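S.K.: Chains as they are written, first to last, in the working numbering: chain A, 178 to 479; chain B, 27 to 253.
Glycine included, each C-beta is placed from N, C-alpha and C at the ideal position.
Note that this is a predicted model, so its numbers are computed, not measured.
Here it is: the structure, laid out below.
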Amino acid sequence: MFLTLARTIKGGWINFLRNGYLSIAAVSVMLLCLFTISSLFLIVLTADNVLKGMQGNVNVSVYFKSSVTEESIMKAKKDLENYNEVKAVEYITKDQALEIFKKNSVSKPVILQSLEEIGENPLLSYLVVQANDPNQYDMVGEYLKNASFKEDISWVNYRDNKDRIDRLNGTISEVRRIGLGVAGLFSIISLLIISNTVRITIYSHRKEVEVMRLVGASNAYIRLPFIFEGIIYGLVASIISMLCLFIALKLSEQFISRLIPGINMLTLYFSNFTMIFAMQVLAGAFLGTLSSWFAIRKYLKI
Amino acid sequence: MIKFDNVSKIYKDNYVALGDINLEIKAGEFVSIVGTSGAGKSTFLKLIYAEELPTNGRVFFDEKPLDSISRRRISQHRRNIGTVFQDFKLLNKKTAFENVAYALEVCGISRAEILEDVPQILEIVGLGNRQNKFPHELSGGEQQRVAMARALIHKPSVIIADEPTGNLDPVSSLEIMQLLLKINKLGTTVILASHDRDIINKATKRVIVLERGRVIYDEEKGKYKIC
Chain A
178 MFLTLARTIK
188 GGWINFLRNG
198 YLSIAAVSVM
208 LLCLFTISSL
218 FLIVLTADNV
228 LKGMQGNVNV
238 SVYFKSSVTE
248 ESIMKAKKDL
258 ENYNEVKAVE
268 YITKDQALEI
278 FKKNSVSKPV
288 ILQSLEEIGE
298 NPLLSYLVVQ
308 ANDPNQYDMV
318 GEYLKNASFK
328 EDISWVNYRD
338 NKDRIDRLNG
348 TISEVRRIGL
358 GVAGLFSIIS
368 LLIISNTVRI
378 TIYSHRKEVE
388 VMRLVGASNA
398 YIRLPFIFEG
408 IIYGLVASII
418 SMLCLFIALK
428 LSEQFISRLI
438 PGINMLTLYF
448 SNFTMIFAMQ
458 VLAGAFLGTL
468 SSWFAIRKYL
478 KI
Chain B
27 MIKFDNVSKI
37 YKDNYVALGD
47 INLEIKAGEF
57 VSIVGTSGAG
67 KSTFLKLIYA
77 EELPTNGRVF
87 FDEKPLDSIS
97 RRRISQHRRN
107 IGTVFQDFKL
117 LNKKTAFENV
127 AYALEVCGIS
137 RAEILEDVPQ
147 ILEIVGLGNR
157 QNKFPHELSG
167 GEQQRVAMAR
177 ALIHKPSVII
187 ADEPTGNLDP
197 VSSLEIMQLL
207 LKINKLGTTV
217 ILASHDRDII
227 NKATKRVIVL
237 ERGRVIYDEE
247 KGKYKIC
């Protein structure tokens, strides 16, 4: 059993080496397929990360009229905290609001100057409400409209961020859809090309196959070298694809970090290295096996 | 040992390659199958090593019907049968030794056994000193002897030789025939399909004549005869 396995793997490896241009063609197409799939995977992963970051920043700010007492606001806070969809509520006093505003306006001295001229704190105290899920902000909004303290609310701010999230969500699912389509297309092409390559190998080994059958080689022994040949195409392509992906990310590192600040695709690549590599090897070996299987079924009368 | 029970083989377009064959070949026999091209000789042999299955009737090997053997078991069945062909079917990139060893390798035999068995069998067929020659460095007769060594390496109970002398000069043909007779004497059943009148007549063994897929002559110590 072990001997058969060793001999058939060796047979597959020799086929791979001797096929020359055919092997290069098969590996190239497989490489293109795997590279596309893993690039798309990385893009979706990045987009997901950006989305998660944005979701963390999303909240609803409920501003209270200046006449409302702190006691009433605290009551409203408690009320909101008891609401199922709400994850956390933070109370920002008028003074804290002023601090935050000043901090955000450091680069705009005109605004700070006019604030000083007013002489008093014109800002309102507010509650920052975070929902469990970004899709629940509509429900939180509805709740606020009918809340017992609705008369105390000056205004509510939540629309802007939600639109941005919706847009990003849409883009990610679009990228996923296109990615799946492109990956599927490349998979079919590489399936066809590899099975053609294996078919040509079988044809060039037809005499050996005939002799094998005559001397009583088992069907598995005849089939396995061709299956291993297909798997080797997949493995070689996945290793090269990992290298290409690394080079591509290294070259575009600065461009990407300028485009999406705070995202380092290389770190993402290394932290997901095992998963991406395993995914590629599996996909490569699967495509290789499948295409060899088709070729053998059609061309090997065993 | 081998029994044809009412066997017919019909190919596409109702071409009858063999029709209503009923015969038996006993263990240790030497049988020559004779007939013109297209008489059904090769089909007859293919039915024995299960390359083809009969359209009607059954072929038995050691009392087992061959049509009942699963596809996976056919390789086991073929290890009981050594085959030799007119075109030798040797692998040109392998030496005489490697060609014979290959038959053992594909069946999962260990390297140690291969190194022991192959030189022995090459010695028996008279190629002890030509082991490392490639087929193109060997004469036709020598190539056929390599093929014979390969057929014999599994110590099969039957040797099937399909026109083994078809590409050989009279002297080489005679040598191959003598080798087949020697193998037969040692107890192996030999089934030989041939056109060669002289060697068949000299053998004075059983002769079966096929014509258009039917047996028209079957004699112990028969003669080459085409009607």
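What residues of chain B sit near Met-389 (chain A), judged by a beta carbon separation below 7 Å?
M.R.: Val-132
S.K.: Which chain A residues are close to Leu-117 (chain B), counting only those with a beta carbon under 7 Å from its beta carbon?
M.R.: Lys-384, Glu-385, Val-388
S.K.: Who are the neighbours of Gln-102 (chain B) on chain A, taking C-beta pairs under 9 Å?
M.R.: Gly-393, Ser-395
S.K.: I'd like to check one pair, Phe-56 (chain B) with Leu-207 (chain B): are the Cβ atoms closer than 8 Å?
M.R.: yes
S.K.: Flag this pair as yes or no: are the beta carbons of Lys-115 (chain B) and Glu-387 (chain A) separated by less than 8 Å?
M.R.: Yes, Cβ-Cβ distance for Lys-115 (chain B) and Glu-387 (chain A) is below 8 Å.
S.K.: Alpha carbon to alpha carbon, how far is Phe-70 (chain B) from Gly-54 (chain B)? Give it in angstroms, no decimals.
M.R.: 19 Å
S.K.: Please report the residue range of the alpha helix (DSSP H) in which Tyr-75 (chain B) lies.
M.R.: Neither: Tyr-75 (chain B) is in no alpha helix (DSSP H) and is coded neither H nor E.
S.K.: In angstroms, rounded to a whole number, what distance separates the CA positions of Leu-412 (chain A) and Ile-371 (chain A)?
M.R.: 13 Å
S.K.: If you check the beta carbons only, do Leu-275 (chain A) and Gly-461 (chain A) fall under 8 Å apart?
M.R.: no
S.K.: Mind listing the chain B neighbours of Thr-181 (chain A)? Cutoff is C-beta to C-beta under 7 Å, in chain order.
M.R.: Gly-134
S.K.: Sorted by chain position, which residues of the same chain lie with C-beta nearer than 6 Å to Gly-66 (chain B)'s C-beta, five sequence neighbours on each side aside?
M.R.: Shown here for Gly-66 (chain B): same chain residues with a beta carbon closer than 6 Å to its own, the five before and five after excluded, namely Ala-43, Leu-44, Leu-236, Gly-239 in chain order.
S.K.: In three-state terms, what does DSSP make of Glu-294 (chain A)?
M.R.: helix
S.K.: In whole angstroms, what is the alpha-carbon distance linking Arg-176 (chain B) and Leu-205 (chain B)?
M.R.: 14 Å
S.K.: So with CB distances below 7 Å, who are the chain B contacts of Tyr-398 (chain A)?
M.R.: Those within 7 Å of Tyr-398 (chain A) in chain B are Val-132.
S.K.: Using a C-beta cutoff of 8 Å, does His-180 (chain B) count as contacting chain A?
M.R.: yes
S.K.: Taking all protein chains shown into account, do 16 or more other C-beta atoms lie within 10 angstroms of the C-beta of Gly-393 (chain A), making it buried, or fewer, making it exposed?
M.R.: buried
S.K.: If contact is defined by three or more beta carbon pairs under 8 Å, each pair taking one atom from either stretch, is the segment 128 to 139 of chain B in contact with the segment 155 to 166 of chain B?
M.R.: no
S.K.: Let me know the secondary structure DSSP gives Ser-418 (chain A) once reduced to three states.
M.R.: helix
S.K.: Taking Cβ to Cβ, would you say Ile-214 (chain A) is nearer than 8 Å to Ala-360 (chain A)?
M.R.: yes
S.K.: Could you tell me which residues DSSP pairs with Arg-232 (chain B) in its beta bridges?
M.R.: B:Val-57
S.K.: Which ranges would you report for the alpha helix (DSSP H) in the segment 187 to 256 of chain A if only whole runs of at least 4 residues count?
M.R.: 198 to 234
S.K.: Nearest by alpha-carbon distance to Leu-395 (chain A): which of B:Lys-251, B:Val-132, B:Ala-127 is it?
M.R.: Looking at the sequence itself, residue 395 (chain A) is Ser, so the reference to Leu does not match. Checked all of B:Lys-251, B:Val-132, B:Ala-127; the closest Cα to Ser-395 (chain A) is B:Val-132.
S.K.: Going by the CB atoms, is the gap between Val-126 (chain B) and Ile-179 (chain B) shorter than 8 Å?
M.R.: yes
S.K.: What three-state label does DSSP hand Ala-462 (chain A) in the structure shown?
M.R.: helix
S.K.: Return the Cβ separation of Val-151 (chain B) and Arg-171 (chain B) in integer angstroms, given the expectation that the two are a contact with Cβ distance under 8 Å.
M.R.: 4 Å
S.K.: Could you tell me the boundaries of the beta strand (DSSP E) in which Ile-105 (chain B) lies?
M.R.: The question names Ile, but residue 105 (chain B) is Arg in the sequence shown. DSSP places Arg-105 (chain B) outside any beta strand (DSSP E), giving it a letter other than H or E.
S.K.: Run through the segment 203 to 231 of chain B for me and flag every whole beta strand (DSSP E) of 3 or more residues, listed as ranges in chain order.
M.R.: 215 to 220
S.K.: Does the segment 217 to 232 of chain A touch the segment 397 to 415 of chain A, meaning 3 or more C-beta pairs lie closer than 8 Å?
M.R.: no
S.K.: Return the bridge partner residues of Ala-187 (chain B) from the DSSP annotation.
M.R.: B:Val-110, B:Leu-218
S.K.: Nearest CA to the CA of Gly-480 (chain A): which residue from A:Thr-466, A:Ile-399, A:Glu-430, A:Ile-453?
M.R.: The requested residue 480 (chain A) does not occur in the structure, where chain A is confined to residues 178 to 479.
S.K.: Indicate the three-state DSSP secondary structure (helix, strand or coil) for Asn-193 (chain B) in the structure shown.
M.R.: coil
S.K.: Which same chain residues, not among the five before or five after Lys-72 (chain B), have their C-beta less than 6 Å away from its C-beta?
M.R.: Glu-78
S.K.: According to the neighbour-count rule (16 or more other Cβ atoms, all chains shown, within 10 Å of its Cβ), is Pro-196 (chain B) buried or exposed?
M.R.: Pro-196 (chain B) is exposed by the Cβ-count criterion.
S.K.: What residues from chain A crowd round Arg-98 (chain B), counting only those whose CB sits closer than 9 Å?
M.R.: Ser-395, Asn-396, Ala-397
S.K.: Check whether the segment 432 to 451 of chain A and the segment 197 to 207 of chain A are in contact - that is, three or more C-beta pairs closer than 8 Å.
M.R.: With a cut-off of 8 Å, the segment 197 to 207 of chain A and the segment 432 to 451 of chain A do not count as touching, because too few Cβ pairs lie within range.
S.K.: Taking its Cβ as the centre, do 16 or more other Cβ atoms sit within 10 Å of Tyr-41 (chain B), making it buried, or is it exposed?
M.R.: exposed
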